[in-house]
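In what follows, a structure is listed as structure tokens, so that the remarks can point back to it.
Protein chains in written order, with my numbering: chain A, 1 to 312; chain B, 1 to 305.
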């Protein structure tokens with residue numbers, strides 16, 4: 001079954017111009033317009049580059065890390081980084097209170113943060129979009145249930161519930177992903193719900209319905225592709241939020257457990273020495289900060305490029 | 001207005017009931033209460049007796065109704081460790097938490113609203129870019145890390161401010177500033193978009209065309225409408241500040257409800273955790289209800305739509 005009207009849906013707002021015979025010069029396709037905007041968007045390029053680099057570091061951690069991030073050497077405790085008074089090139093970022101190579105721990109830390117952030121955002125994206133699209137598309141009592149669920153979610157203090165759940169179901173990577181995934185789907189639901197409400201009366205949905213498409217097909221094959229850009233924007237912001245909250249949980253001792261090299265946990269461990277070895281909290285904090293800035297800028301950039309009128 | 005109020009109130013009550021069920025479920029998921037209450041060396045018979053004494057051998061729905069019934073009367077239960085009333089524990093500490101939350105909100109508003117307004121009026125100027133940079137910075141910086149950096153700079157290097165405890169007003173400066181950084185970005189963004197939308201609207205063009213002075217157009221006509229979403233956000237943020245102060249209170253050793261919640265979580269004192277959870281949620285529900293009513297009062301489209 002073909003759906004020739006897809007292009008004129010709100011996702012293809014530039015396609016509408018192409019259909020107008022008054023245009024003599026062939027206009028750019030939506031994709032070309034977006035690519036042009038993307039190339040000139042400093043924030044997007046910066047965000048994508050940094051996130052790309054951190055992802056590469058995370059994937060190739062075993063090849064990049066100069067030492068075993070878990071290997072303790074008590075004779076080499078608290079060696080300063082290479083720019084410090086007694087720094088050596090053997091431990092570029094120095095060592096921590098157990099004599100573990102700090103650079104190697106930072107490199108492996110990227111793995112934990114990205115894994116938790118990505119899969120938690122994926123989980124909440126699936127939950128939130130499913131709820132939002134269903135509620136917005138069907139309206140009526142189904143929508144009321146969705147709105148009620150969103151309200152309940154918003155009323156829960158996220159860090160408090162996450163801390164409590166983490167003591168109940170544990171602080172493994174999987175449980176952190178599930179906890180954060182189930183606690184941060186609200187923004188997905190709010191955004192997809194209002195988009196679905198706008199789209200459900202549009203012509204291409206009516207056409208799909210007339211062509212005999214079922215409800216499920218309409219939601220997944222017609223609505224979903226048209227809200228995907230906005231979902232990606234929300235997903236990037238949500239991923240940043242998940243990484244930040246996971247770091248908070250680890251910092252408070254209820255997230256990633258020792259001896260894992262998580263940035264939040266490293267800051268907590270470095271806190272005892274922070275007054276005379278500040279690099280122990282500065283380095284992992286900076287890593288976390290730069291990663292979160294990059295993800296936020298990428299998200300803002302994707303929104304500017306796909307829907308510039310939505311900048312806020 | 002009454003219709004709107006009643007409908008909104010029903011939703012608020014339903015949400016409150018659901019949150020209390022979640023809180024109750026969390027307490028039950030944390031372990032067998034009778035075993036904890038009976039102590040480490042209790043025999044199975046003693047555990048059974050404790051369970052019976054506290055009514056833990058009854059069906060869960062009955063236990064929930066019993067607990068919720070006492071909750072409605074203001075009885076939040078007792079701590080498993082100190083046997084103090086949780087309502088007393090919260091009452092003792094809520095002052096410190098509010099003492100951090102309100103200044104944080106004020107600092108955030110005082111900086112973000114003017115900044116957002118100027119950014120909107122001078123879109124793409126250096127002010128706009130600075131405002132955006134401030135928003136990105138505040139959104140991305142991990143709060144607990146910012147707190148540690150501020151402690152290091154202002155408490156240890158410069159020795160300007162106290163870094164731990166809550167004995168003088170000066171103790172509240174660093175925690176409030178840290179929290180303000182976290183709540184500032186959404187206010188800034190919302191003011192900016194709100195102002196841009198409003199400034200492009202027909203009635204502002206009319207106001208200019210009538211020859212009104214810029215100050216009157218901006219503050220009497222434009223800001224009045226742009227401020228509506230800010231009111232809602234302020235309510236939501238205050239709810240967030242009450243619940244999100246866990247980290248800040250822990251780092252700055254402030255004896256507020258966030259610190260109480262954290263310590264209770266660590267020692268599995270779940271009646272306290274559950275009570276704080278329900279309390280913070282209720283605060284949020286009431287605050288959003290009030291802000292919705294204010295908005296409906298100010299904007300007829302909301303209550304009639």
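Glycine included, C-beta positions come from ideal geometry on N, C-alpha and C.
Strictly below 7 Å CB to CB, what residues from chain A border residue i?
i	result
residue 284(B)	155
residue 18(B)	152
residue 152(B)	274 and 278
residue 29(B)	168
If residue i and residue j are in contact, beta carbons under 8 Å, what's the gap, nearest whole angstrom?
i	j	result
residue 226(B)	residue 194(B)	4 Å
residue 123(A)	residue 177(A)	6 Å
residue 175(B)	residue 100(B)	5 Å
residue 109(A)	residue 261(A)	5 Å
residue 51(A)	residue 294(A)	5 Å
residue 5(B)	residue 274(B)	Going by Cβ atoms, the distance from residue 5(B) to residue 274(B) rounds to 30 Å, so no, they are not a contact pair.
residue 243(B)	residue 280(B)	4 Å
residue 154(B)	residue 143(B)	Wrong, their Cβ atoms sit about 16 Å apart, outside the cutoff.
residue 224(B)	residue 116(B)	Rounded, the Cβ-Cβ distance is 15 Å, inconsistent with contact.
I need the DSSP call for residue i, collapsed to helix, strand or coil.
i	result
residue 43(B)	coil
residue 85(B)	strand
residue 39(A)	helix
residue 78(B)	strand
residue 101(A)	strand
residue 168(B)	coil
residue 18(B)	helix
residue 206(B)	helix
residue 4(A)	Unreliable positioning characterises residue 4(A) in this predicted model, as indicated by a pLDDT of 42, which lies under 50. The coordinate reading is nonetheless provided below. In this structure, residue 4(A) counts as helix in the three-state DSSP scheme.
residue 178(B)	helix
residue 88(A)	coil
Against residue i, what residues of chain A qualify as contacts under a CB-to-CB distance less than 8 Å, listed in chain order?
i	result
residue 131(B)	In chain order: nothing, as chain A lies at least about 12 Å away.
residue 261(B)	160 and 163
residue 281(B)	155, 156 and 157
residue 250(B)	252
residue 277(B)	156, 157, 160, 161 and 164
Inspect the beta-carbon positions of residue i and residue j and report whether they are closer than 8 Å.
i	j	result
residue 105(B)	residue 231(B)	no
residue 248(A)	residue 247(B)	yes
residue 183(A)	residue 196(A)	no
residue 229(B)	residue 79(B)	no
residue 187(B)	residue 113(B)	yes
residue 235(B)	residue 290(B)	yes
residue 255(A)	residue 192(A)	no
residue 84(A)	residue 99(A)	no
residue 291(A)	residue 113(A)	yes
residue 148(A)	residue 15(B)	yes
residue 305(A)	residue 41(A)	yes
residue 145(B)	residue 285(A)	yes
residue 285(B)	residue 155(A)	yes
residue 135(A)	residue 273(A)	no
residue 71(B)	residue 56(B)	no
residue 190(B)	residue 233(B)	yes
residue 243(A)	residue 107(A)	no
residue 299(B)	residue 8(B)	no
residue 58(A)	residue 111(A)	yes
Note down, in chain order, every chain B residue with its Cβ under 8 Å from the Cβ of residue i.
i	result
residue 115(A)	Here the premise fails: no neighbours, minimum Cβ distance about 18 Å.
residue 285(A)	142, 145, 148 and 149
residue 55(A)	Under the 8 Å cutoff, chain B gives no residues; its nearest Cβ is about 17 Å from residue 55(A).
residue 271(A)	148
Report all residues from its chain with a CB closer than 7 Å to the CB of residue i; omit the five preceding and five following residues, and keep chain order.
i	result
residue 222(B)	195, 198, 199 and 204
residue 30(B)	268 and 270
residue 169(B)	none
residue 5(A)	Residue placement at residue 5(A) is poorly supported in this model, since its pLDDT is 40, which falls under 50; the coordinates are not used for a value here.
Using a Cβ-Cβ distance cut-off of 8 Å, determine whether residue i contacts chain E.
i	result
residue 35(B)	Of the protein chains in this structure, namely A and B, none is chain E.
Please go through the same chain and pick out, in chain order, the residues whose beta-carbon is closer than 6 Å to the beta-carbon of residue i, but skip the five residues on each side of it.
i	result
residue 67(A)	101 and 104
residue 288(B)	235
residue 103(B)	176
List the residues of chain A that residue i touches, going by C-beta distances under 9 Å, in chain order.
i	result
residue 247(B)	159, 248, 251 and 252
residue 24(B)	The contacting residues do not exist; residue 24(B) stays about 12 Å from chain A at best.
residue 14(B)	148, 151 and 152
residue 268(B)	167
Quick check: does the Cβ of residue i come within less than 7 Å of any heavy atom belonging to the ligand PLP?
i	result
residue 295(B)	In the structure on display, the ligand PLP does not appear, and there are no ligands present to speak of.
To which residues of the same chain is residue i closer than 8 Å at the C-beta, ignoring the five residues directly before and after it?
i	result
residue 125(A)	185, 188, 231, 234, 235 and 238
residue 296(A)	47, 236, 237 and 240
residue 36(B)	80 and 268
residue 302(A)	44, 229, 232, 233 and 236
residue 237(B)	105, 108, 183, 186 and 187
residue 216(B)	207
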